[in-house]
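> Below you will find the structure I want to go over with you.
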Amino acid sequence: MIQNSFVRLNGISNNIWHLLLNRPSLHNAFNTQLANELIAHCHHIDTSNDIRAAVIVSGQGQSFCSGADLKERKSIKSSKQWMEQHRIFECMFNSLARLKQPTIACVEGFALAGGFELALNCDIIIASRSASFGLPEVTRGIMPGGGGTQLLTRLVGPARAKHIAITGRRLTAQEAYDMGIVQILTDESDALNKGIELATVIAANAPLATRAIKQAIDEGWGKNSDEAKAIELKYYKELIDTEDRHEGIRAFNEKRKPQWKGN
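For the sequence shown, position 34 (counting from the first letter as 1) is numbered 28 according to my numbering, and the numbering increases by one without interruption.
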C-alpha cells in the first residue's frame, strides 16, 4: 500500500474487509485519484476468492465523505474535461454498487452530495446520531450524478426524494433513520463497531446464499411480481446443488455450526 493512498483496503477478520476513505483533512472528498483507487480496490474485491462475506466502507476522521473535491473541479475548463472526470466517478459508484458481497456504509459526520451517493450505493447504511446527509448539488447549479435521485427514491418514495434533492436540505441521522435511509442508528463514533458486528453476523451465513439474495433483490426491484419471482427462483435453483446447501442440512441435523466452503 502506497503511503499517500486515498483509499485503504484492510482485512478486519476472516472474510470481512474494510474500505477506508483516507482524505480526513478534506472530509474525505473524492478526487480523481481517490476514485481510481476505489475502483481498483473494488475490482480486487470482486475477483478475490478470499473476500466472501461482507465489505465495510467508512471514512477516516470526522466525516464519511463530503462529496466531490470542488477545488479539483475548479481547474476543469471544458465540459469535455468535466465529463471525462465524471465518467471515472460513475465507474467508482458502479464498482461499489455492483460488488457481489453485501456492503455496509458506516457513517460518521458528513455524508453529503457524492458522499451521500456513495452510502446509497451500499446495501446497508449505519450512522451515528451526529451524522448528517444531503444532496446539496442544486445549490451549486448541478444535480446528483452518482445515482442519488434514483437510489433515494427507492428508499423514501418520489415525493420525499424530490423534497430532499430540490431543496438541498440536510437530514439529521434521526430523520434519515425515520425515513428508512439509515438502517441502524448508533452512538457517536460507534458506527464502524456496529458495522463490524453486522458484518460478523453476515459472515456466519452461507456466502453463496448471501450473494444470491442480494442479486435477487437488486435485479427484481422494479419488475412486476411474476418477473421478480422468476428472478428469485433462478437464484434459488442455482443453490440447490451447491456443497454449502448440503452442508447446511447436515449441520442442522448434526446439531453443529456449518462449515461453509463457498461452493
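Even for Gly, the Cβ is constructed at its ideal location relative to N, Cα and C.
Between SER267 and GLU131, what straight-line distance do the alpha-carbon atoms span, to the nearest angstrom?
Outside the displayed range of the chain (-5 to 257) lies residue 267, so it cannot be described from this structure.
> Measuring straight from C-alpha to C-alpha, what distance separates MET(-5) and ARG2?
As a position in the sequence shown, residue -5 is number 1, starting the count at 1. As a position in the sequence shown, residue 2 is number 8, starting the count at 1. With a pLDDT of 43 at MET(-5), under the threshold of 50, the modelled position of this residue cannot be trusted; read the value that follows with caution. Approximately 8 angstroms between the Cα atoms of the pair.
> Quick test of the definition: if touching needs 3 or more C-beta pairs under 8 angstroms, does the stretch 148 to 167 touch the stretch 17 to 36?
The stretch 148 to 167 vs the stretch 17 to 36: no contact.
> Along the chain, which unbroken stretches of the beta strand (DSSP E) at least 3 residues long are found entirely within the stretch 118 to 162?
Taking only runs of at least 3 residues, the beta strand (DSSP E) segments lying wholly in the stretch 118 to 162 are 118 to 122 and 126 to 128.
> Just the Cα atoms here: how many angstroms apart are ALA198 and SER72?
Here residue 198 refers to the residue found at position 204 when the sequence shown is read from its first residue. Here residue 72 refers to the residue found at position 78 when the sequence shown is read from its first residue. Computed Cα separation, rounded: 50 angstroms.
> Quick one: residues in its chain with C-beta nearer than 6 angstroms to the C-beta of ALA170, no 5 flanking neighbours on either side, listed in chain order?
Counted from its first residue, the sequence shown places residue 170 at position 176. The residues are PHE127 and VAL176.
> Alpha carbon to alpha carbon, how far is SER(-1) from ILE33? Give it in angstroms, no decimals.
Counting from 1 along the sequence shown, the entry for residue 33 is found at position 39. Counting from 1 along the sequence shown, the entry for residue -1 is found at position 5. ILE33 and SER(-1): Cα-Cα distance of roughly 13 angstroms.
> Would you call THR204 buried or exposed, if buried means 16 or more other Cβ atoms sit within 10 Å of its Cβ?
In the sequence shown, the residue the question calls residue 204 occupies position 210. So THR204 ends up on the buried side.
> I'd like the span of the alpha helix (DSSP H) that includes ILE178, first residue to last.
Counting from one through the sequence shown, the residue named residue 178 turns up at place 184. That residue, ILE178, is in no alpha helix (DSSP H); its beta strand (DSSP E) goes 178 to 180.
> At a cut of 8 angstroms, does the stretch 211 to 227 reach the stretch 133 to 146 through at least three beta carbon pairs?
Because the criterion of three Cβ pairs below 8 angstroms is not met, the stretch 211 to 227 and the stretch 133 to 146 do not touch.
> Does the stretch 36 to 53 come into contact with the stretch 91 to 105, if we say contact requires no fewer than three beta-carbon pairs (one atom in each stretch) closer than 8 angstroms?
Counting Cβ pairs under 8 angstroms, three or more are found: they touch.
> Could you check how far apart the C-beta atoms of GLY214 and ILE225 are, in whole angstroms? I think they sit under 8 angstroms.
One-based indexing of the sequence shown puts residue 214 at position 220. One-based indexing of the sequence shown puts residue 225 at position 231. Between ILE225 and GLY214 the Cβ distance is about 5 angstroms, and since that is below 8 angstroms, they are a contact.
> Quick test of your reading: GLY135 and PHE83, contact by CB under 8 angstroms. State the CB separation rounded to the nearest angstrom.
Your numbering for residue 135 matches position 141 in the sequence shown. Your numbering for residue 83 matches position 89 in the sequence shown. About 17 angstroms separates the two Cβ atoms, so there is no contact after all.
> Report the three-state DSSP secondary structure of ASN4 (helix, strand or coil).
Looking up residue 4 in the sequence shown gives position 10. The answer is strand: DSSP assigns ASN4 an E or B state.
> Only counting the same chain, and skipping five residues up and downstream in sequence, which positions put a Cβ closer than 7 angstroms to that of ASN30?
The residue labelled residue 30 in the question sits at position 36 within the sequence shown. ILE82, listed in sequence order.
> Alpha helix (DSSP H) containing ALA167: first to last residue?
Numbered from its first residue, the sequence shown carries residue 167 at position 173. It spans 167 to 173 - the alpha helix (DSSP H) in which ALA167 sits, taken as one unbroken run.
> From what residue to what residue does the alpha helix (DSSP H) around ILE70 run?
The count along the sequence shown starts at 1 and reaches residue 70 at position 76. Where ILE70 is concerned, there is no enclosing alpha helix (DSSP H), given that its DSSP letter is neither H nor E.
> So, under 8 angstroms CB-CB, ALA99 and CYS85 are touching, yes? Tell me the CB distance rounded to an integer number of Å.
Looking up residue 99 in the sequence shown gives position 105. Looking up residue 85 in the sequence shown gives position 91. 18 angstroms between Cβ atoms; not a contact.
> Apart from the five residues just before and just after GLY162, which ones in its own chain have a Cβ nearer than 6 angstroms to its Cβ?
Against the sequence shown, residue 162 aligns to sequence position 168. Cβ within range, chain order: PRO130, VAL132 and THR133.
> Classify VAL195: buried if its beta carbon has 16 or more other beta carbons within 10 angstroms, exposed otherwise.
Position 201 of the sequence shown holds residue 195. With fewer than 16 Cβ atoms within 10 Å of its Cβ, VAL195 is classed as exposed.
> Run through DSSP, which three-state label would PHE24 get?
Taking the first residue of the sequence shown as position 1, residue 24 is located at position 30. In this structure, PHE24 counts as strand in the three-state DSSP scheme.
> For ASN25 versus SER60, is the C-beta spacing smaller than 8 angstroms?
If you number the sequence shown from 1, residue 25 lands on position 31. If you number the sequence shown from 1, residue 60 lands on position 66. Not a contact, by the Cβ cut-off of 8 angstroms.
> For LYS249 and MET173, I'd like the C-alpha separation in whole angstroms.
On the sequence shown, residue 249 is found 255 positions in, with the first residue counted as 1. On the sequence shown, residue 173 is found 179 positions in, with the first residue counted as 1. Distance between the alpha carbons of LYS249 and MET173: 40 angstroms.
> Relative to the alpha-carbon of TRP11, which residue among ILE190, GLU111 and ASN88 has its alpha-carbon at the smallest distance?
In the sequence shown, the residue the question calls residue 11 occupies position 17. Of the candidates ILE190, GLU111 and ASN88, the one whose C-alpha sits nearest the C-alpha of TRP11 is ILE190.
> Tell me whether the beta-carbon of ASP238 lies closer than 8 angstroms to the beta-carbon of LYS251.
Position 244 of the sequence shown, counted from the start, is the residue given in the question as residue 238. Position 257 of the sequence shown, counted from the start, is the residue given in the question as residue 251. No; because the gap between Cβ atoms is not below 8 angstroms, this pair is not in contact.
> In whole angstroms, what is the alpha-carbon distance linking LYS231 and ALA210?
Counting from 1 along the sequence shown, the entry for residue 231 is found at position 237. Counting from 1 along the sequence shown, the entry for residue 210 is found at position 216. Distance between the alpha carbons of LYS231 and ALA210: 12 angstroms.
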